[in-house]
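Q: Sharing a structure with you now.
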């Protein structure tokens, strides 16, 4: 009969811990970035004038 600790290790060995290991790759880009709306809006507001071809101030704002 297997000990409790053996059963635990067997569980980790036979089951996948991750749904998809590709998310651990350095070049992985998620389709959405949850809970980052404020940061995304800040970056967009900083980049928008440049993308429209407008001159920006020296401090980037």
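In the numbering used here, the protein residues as written are 25 to 85. For glycine and all other residues, C-beta sits at the position ideal for the given N, C-alpha and C. Since we're looking at a predicted model, the values are computed, not measured.
1) Would you mind reading off the limits of the alpha helix (DSSP H) that contains residue 28?
2) Between the alpha carbons of residue 56 and residue 64, how many angstroms are there, rounded?
3) Per DSSP, what kind of secondary structure is residue 69 in: helix, strand or coil?
4) At the level of alpha carbons, what is the spacing between residue 29 and residue 49?
5) For residue 58 and residue 25, what's the separation of their Cα atoms in angstroms?
6) Would you report the Cα separation of residue 41 and residue 32, rounded to the nearest angstrom?
A: Working from what's here:
1) 28-38
2) Going from the Cα of residue 56 to the Cα of residue 64 covers about 11 Å.
3) helix
4) 31 Å
5) Spanning the two alpha carbons is a distance of roughly 45 Å.
6) 13 Å
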